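K.L.:
Pasting a structure here, questions to come.
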Amino acid sequence: MADVFRGLNLLETLKESMESNKLSDVRDAVEDLLISRINLAVVGIRGDEKDSFINSLRGLGPGDEGAAPSSSSASVEVAGYPNPKHPDFRLWDLPPVPDTSPFEPEGYMNRFKFPRYNAVFMTFTHTPHPNSVEVFLEARSLQQQTVYFILLAPVGDKEKSLEEKRKASLEILSSQGVTQPKVYLVRPSTLEKSDFPSLLEDMSKDLPEIRAHALLLALPTLNSTLVTQKKEAFKALVWAAASLSGGMSAIPVPLVASMVDSSVAVRILTKAQLSLCLDEDSIERLARQRGMEPAKLKGLRTCTLSVEVTRGDVKRRLAAAEKDLATVSSKLVEMAMPRHARSASRSFTAMLQALNSAIDEMATDAEKIVGAAHGNGK
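What the sequence shown shows, in numbering that gives the first Met the number 0, is residues 0 to 377, in sequence order.
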């Protein structure tokens with residue numbers, strides 16, 4: 000993906016690419032967001048904290064299908080864990096950096112193919128080993144900026160003990176030449192707490208924008224802030240998809256445009272249902288993890304698309320939006336559409352209106368479920 004997406008607002012970036020006639024970039028962005036293609040590496044000693052962290056990143060508990068098994072041995076092999084809902088979002092469990100001396104960081108990085116990962120988490124439960132710091136510094140020297148130190152909080156550790164570990168870790172990093180060191184304190188089974196939201200914020204700045212949004216859409220809905228961010232990302236995705244489908248036809252063909260629009264709309268709304276954790280499996284897993292009755296959380300869904308995305312429902316929404324177009328100000332339509340598509344067809348506006356409304360309804364349901372399961376704090 001071209002660096003044009005780095006560091007810009009997603010919707011504005013997509014609009015800029017469309018105006019510049021970079022349609023292939025926009026198509027690639029839409030596809031990347033729909034499949035959430037991203038690879039994350041988790042480096043560190045295998046144990047309960049690391050296993051729980053890998054599972055929580057995928058919205059899984061220890062007993063769920065596809066969960067990382069409890070580590071009983073120090074394997075030297077890489078283990079891969081796809082996300083059950085987003086197969087192209089993969090977590091890679093890497094063995095710890097060796098504590099041998101002398102140590103060559105390049106050897107470790109080459110063996111485990113560091114460049115293949117969009118981000119690397121250097122995890123530990125006490126303090127980072129000096130050799131891990133060497134790997135970090137080597138990665139930075141090669142312009143791989145997305146490497147992060149994460150202190151995984153063991154169950155039972157008090158806040159005071161964790162802060163002492165963080166302080167000692169920062170001293171180790173500083174002593175080895177890391178400028179402006181950061182250590183993120185993460186509670187593996189409750190990612191919405193401690194520093195994980197701050198880690199996500201920093202990653203959103205460091206990753207190319209499409210990758211950052213792909214990660215956002217693949218993560219579980221940990222808090223209401225993530226729900227809002229997902230909603231805005233989906234609205235940018237809707238705009239791009241609408242621009243590429245019937246609304247961009249040089250010679251609009253209503254039947255063809257309608258078929259394309261409904262097919263794309265079903266993909267987007269199915270992705271939204273999974274991303275917002277509104278599907279049956281996600282809600283049942285969340286209920287188990289929080290000790291709640293699944294029926295209570297399921298009953299909070301009032302949008303039919305939150306329960307099931309069907310082609311018939313999507314087509315009805317698109318048809319209703321077409322009928323409502325007469326009430327939409329032509330000036331607003333003109334402002335929303337790409338400059339060279341303003342004379343094309345009405346399917347752009349209908350798709351935009353129908354899908355944005357659906358995304359709003361689904362996000363409202365997700366907010367209610369997050370509030371009930373995690374509490375109402377952000």
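Yeah, the Cβ is synthetic: ideal placement off N, Cα and C, and Gly gets one too.
Predicted, not measured: the structure shown is a model, and the values here were computed from it.
Start and end of the beta strand (DSSP E) containing Y147?
P.N.:
As a position in the sequence shown, residue 147 is number 148, starting the count at 1. Counting along the chain, the beta strand (DSSP E) containing Y147 begins and ends at 146-151.
K.L.:
In the DSSP output, which residue or residues are listed as bridge partners for T122?
P.N.:
Indexing the sequence shown from 1 puts residue 122 at position 123. DSSP lists I149 as partners of T122.
K.L.:
If you pair each beta-carbon of the region 94-112 with each one of the region 53-62, do three or more pairs fall below 8 Å?
P.N.:
Verdict: no, contact absent.
K.L.:
Do you know how far the Cα of A286 is from the Cα of W91?
P.N.:
Stepping through the sequence shown from its first residue, residue 91 is reached at position 92. Stepping through the sequence shown from its first residue, residue 286 is reached at position 287. So the two alpha carbons sit approximately 27 Å from each other.
K.L.:
For G79, which residues does DSSP report across the bridge?
P.N.:
Numbered from 1 along the sequence shown, position 80 holds the residue referred to as residue 79. G79 pairs with W91.
K.L.:
Please report how far the alpha carbon of E191 lies from the alpha carbon of H373, in whole angstroms.
P.N.:
Stepping through the sequence shown from its first residue, residue 191 is reached at position 192. Stepping through the sequence shown from its first residue, residue 373 is reached at position 374. In a straight line, the C-alpha of E191 is about 8 Å away from that of H373.
K.L.:
Give the DSSP bridge partners of L39, in chain order.
P.N.:
Residue 39 sits at position 40 when you count from the first residue of the sequence shown. The partner list for L39 (beta bridge, DSSP) reads L90, A118.
K.L.:
Rounded to the nearest angstrom, how far is the Cβ of L275 from that of A167, given a contact under 8 Å?
P.N.:
Here residue 275 is taken as the residue at index 276 of the sequence shown, counted from 1. Here residue 167 is taken as the residue at index 168 of the sequence shown, counted from 1. Rounded, the Cβ-Cβ distance is 39 Å, inconsistent with contact.
K.L.:
I'd like to know whether the C-beta atoms of L172 and V132 end up nearer to each other than 8 Å.
P.N.:
Locating residue 172 in the sequence shown gives position 173, where the first residue counts as 1. Locating residue 132 in the sequence shown gives position 133, where the first residue counts as 1. Yes, the pair counts as a contact, with Cβ atoms nearer than the cut-off.
K.L.:
Could you work out which residue in V185, G176, Q179 is closest to E158 when comparing CA atoms only?
P.N.:
Walking along the sequence shown from the start, residue 158 turns up at place 159. Minimum Cα distance to E158 is reached at V185.
K.L.:
Verify whether the separation of the beta carbon atoms of L268 and L354 is less than 8 Å.
P.N.:
For this step, residue 268 is matched to residue 269 along the sequence shown. For this step, residue 354 is matched to residue 355 along the sequence shown. Their beta carbons are under 8 Å apart, which means L268 touches L354 by this criterion.
K.L.:
Using only alpha-carbon positions, find the residue among S69, V154, P86, V237 that is nearest to T124.
P.N.:
Translated into the one-based positions of the sequence shown, residue 124 becomes position 125. Measuring from the Cα of T124, the nearest candidate turns out to be V154.
K.L.:
Spell out the partners DSSP gives L184 in its beta bridges.
P.N.:
One-based indexing of the sequence shown puts residue 184 at position 185. L184 is bridged to L150.
K.L.:
In whole angstroms, give me the CA-to-CA distance for P104 and L33.
P.N.:
Working through the sequence shown from its first residue, we reach residue 104 at position 105. Working through the sequence shown from its first residue, we reach residue 33 at position 34. So the two alpha carbons sit approximately 36 Å from each other.
K.L.:
Just to confirm before moving on: does the CB-CB distance between Q272 and V308 stay below 8 Å?
P.N.:
Residue mapping note: residue 272 aligns to position 273 of the sequence shown, counting from 1. Residue mapping note: residue 308 aligns to position 309 of the sequence shown, counting from 1. Taking 8 Å as the Cβ cut-off, Q272 and V308 qualify as a contacting pair.
K.L.:
Ends of the alpha helix (DSSP H) at A319?
P.N.:
Locating residue 319 in the sequence shown gives position 320, counting from the first residue. Where A319 is concerned, the enclosing alpha helix (DSSP H) stretches over 310-323.
K.L.:
Given that a residue counts as buried once 16 or more other Cβ atoms are within 10 Å of its Cβ, and exposed if not, what is A294?
P.N.:
Within the sequence shown, the letter at position 295 stands for residue 294. Exposed: under 16 other Cβ atoms inside 10 Å.
K.L.:
Mind reading off the beta-carbon distance from F52 to L206? Whole number of angstroms is fine, and I expect it under 8 Å.
P.N.:
Here residue 52 refers to the residue found at position 53 when the sequence shown is read from its first residue. Here residue 206 refers to the residue found at position 207 when the sequence shown is read from its first residue. Between L206 and F52 the Cβ distance is about 19 Å, and since that is not below 8 Å, they are no contact.
K.L.:
In three-state DSSP terms, what is E103?
P.N.:
Translated into positions along the sequence shown, residue 103 becomes position 104. E103 falls in the coil class under three-state DSSP.
K.L.:
Is the beta carbon of P187 within less than 7 Å of some heavy atom of the ligand FMN?
P.N.:
Ligands in the displayed structure: none, and consequently the ligand FMN is not present.
K.L.:
Do the CB positions of V380 and T189 come within less than 8 Å of each other?
P.N.:
This structure gives no information on residue 380, because the portion of the chain shown stretches from 0 to 377.
K.L.:
Starting from the Cα of M291, find the closest Cα among L277, R115, A371 and give me that residue.
P.N.:
Here residue 291 corresponds to residue number 292 of the sequence shown, with the count starting at 1. Selected option, being the one with the closest Cα: A371.
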